[in-house]
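Reviewing the structure listed below.
Residue numbers (my numbering), protein chains in the order written: chain A, 1 to 274; chain B, 275 to 434.
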């Protein structure tokens, strides 16, 4: 049976179609799903498209920012309100990929992909999920990622997070073998709000250091309440690898990822651009 | 499974095709509509040789559903020249030896076109960012970067 395509005018319709048919797959930007179609990994079932404008709604007024799951990386880059997410959005593919790649799709991109999600994790984003025609349910991104495989027949409708303290408070870096575009050796997002010159509420996230994006809670504890000086950075480097389970893949070995993680973390915390 | 009709503007002309529901735009352009300028390289979104413009924005045709292009304006390299007059980017590529085997060239020209439409006077770094999604095995990229910078220096670059 060849692959069918259905376009839904509302997110509720799309959610209902996904939950009612285990062979249905959501098609957002297509950068992951069309690859599967092209390479013969999807040969039957239905691709579900969402034409609902709310799926791509960007709400930046107020203290909480909400982005529709269909928001593309290009849309993020076009918004000055989201300038703190520009380094992460720019790290996704090249310009043509960014025209299509969506925030929602990036949540499902398997390591070593999924770098935008790393930035969202450092912002402690919430994910709104809709199953069927019922209302949306909001889950912390960390929990969503842990249960990601079980949630594939649900529709992610939006991602939301508190506006960061300042644009500079969110740092992001991506280490790859090919510049400026390349698949991650690893990526790091660090949200470092300061209070009285000391770190207050650090949130650190890694990409490509585990099957999904993860928080680096050991590093967060090492930074909390301290000034961001050489001693603090060294303390953070010492615990950089806690909780990580990097894979060996075509880009890098587990060993290499573990070796370079504290180097990139240290540079980022010291504000060194490479 | 029944084919679906799709209609869009291709390089300024109204075109129509019958496509499979999950057919990608690259297939439709090449096999359905006879536009062989965009190439098939990887089918994964990595190489960029299938780069085309949809409503002025760069997209990868191999990852785009054909039926999602209903009513849109699609532009490929086939529409860049004006009869015998080359687009300034095409002339600059020629003058700067920016093509060897030529396989990446349609994607590079399209990416460059999208870049210059948004940013008519890019820096070298911005040119590199603009073609970051396009791989070239032959030139080492420097002639391509030089060609795009040269075309940007030309006053005529906003023609199309």
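We put the beta carbon where it would ideally sit given N, CA and C, even for glycine.
These numbers were taken from a predicted model, which means no experiment stands behind them.
The C-beta distance from residue 73 of chain A to residue 101 of chain A rounds to 5 Å, short enough to meet the 8 Å contact threshold. Closest in C-alpha terms to residue 88 of chain A, from the list A:68, A:34, A:180, A:63, comes A:180. Residue contact check for residue 187 of chain A against chain B: no CB pair falls below 8 Å.
For a Cβ distance threshold of 7 Å, residue set 319, 337 of chain B lies close to residue 31 of chain A, ordered along the chain. Residue 277 of chain B counts as exposed, since fewer than 16 other beta carbons sit within 10 angstroms of its beta carbon.
C-alpha of residue 53 of chain A to C-alpha of residue 7 of chain A: approximately 13 Å in a straight line. Taken through DSSP and simplified to helix, strand or coil, residue 331 of chain B comes out as strand.
Secondary structure note for residue 35 of chain A: its alpha helix (DSSP H) is the uninterrupted segment 33-38. Look at residue 218 of chain A here: in three-state DSSP terms it is helix. Straight across, the Cα-Cα distance linking residue 138 of chain A with residue 126 of chain A is about 6 Å.
For residue 35 of chain A, the C-beta contacts it makes with chain B under 8 Å involve 317, 318, 319, 337, in order along the chain. Burial check for residue 263 of chain A: the Cβ neighbour count within 10 Å stays below 16, so the residue is exposed. Under the 8 Å criterion on CB atoms, residue 155 of chain A is classed as non-interfacial with respect to chain B. Pairing residue 293 of chain B with residue 353 of chain B, the inter-Cα distance amounts to about 22 Å. Around residue 39 of chain A, the beta-carbon contacts reaching into chain B at under 9 Å are 317, 318.
Going by beta carbons, residue 283 of chain B and residue 326 of chain B fall outside the 8 Å limit. Look at residue 191 of chain A here: in three-state DSSP terms it is strand. For the region 90-107 of chain A, the set of residues with a beta-carbon nearer than 7 Å to any beta-carbon of chain B comprises 93, 94, 95, 96, 97, 99, 100, in chain order.
DSSP, reduced to helix, strand and coil, places residue 126 of chain A within a strand of the structure shown.
Rounded to whole angstroms, residue 45 of chain A and residue 24 of chain A show a C-alpha spacing of 6 Å. For residue 137 of chain A, no alpha helix (DSSP H) run applies; the uninterrupted beta strand (DSSP E) run containing it begins and ends at 136-140, by DSSP.
In the structure shown, the three-state DSSP call for residue 175 of chain A is strand. Here residue 396 of chain B has 389, 390, 404, 422, 423, 426 as same chain residues with Cβ atoms under 8 Å from its own Cβ, once five neighbours each way along the sequence are excluded. Put simply, the CB of residue 52 of chain A is far from chain B, with every gap to its CB atoms at 8 Å or more. Using beta-carbon distances, residue 48 of chain A does not count as an interface residue toward chain B, since no partner is under 8 Å.
Ranked by Cα distance from residue 85 of chain A, the options A:17, A:218, A:67, A:94 are led by A:67. For residue 174 of chain A, none of the residues of chain B pass the 8 Å Cβ criterion, the least Cβ distance being about 13 Å. Annotation: residue 16 of chain A to residue 144 of chain A spans about 20 Å, alpha carbon to alpha carbon. Residues of the region 392-404 of chain B that bring their beta carbon within less than 8 Å of a beta carbon in chain A comprise 402, 403, 404, in sequence order.
Against chain A, the CB of residue 325 of chain B has a partner CB under 8 Å away; the residue lies at that interface.
Chain A places no beta carbon closer than 8 Å to that of residue 390 of chain B, leaving this residue out of the contacts. Between residue 176 of chain A and the set A:195, A:236, A:112, A:129, the nearest pair of CA atoms involves A:112. Between residue 379 of chain B and residue 373 of chain B, the C-beta spacing is below 8 Å.
Close partners of residue 4 of chain A in chain B (Cβ separation under 7 Å): 275, 295.
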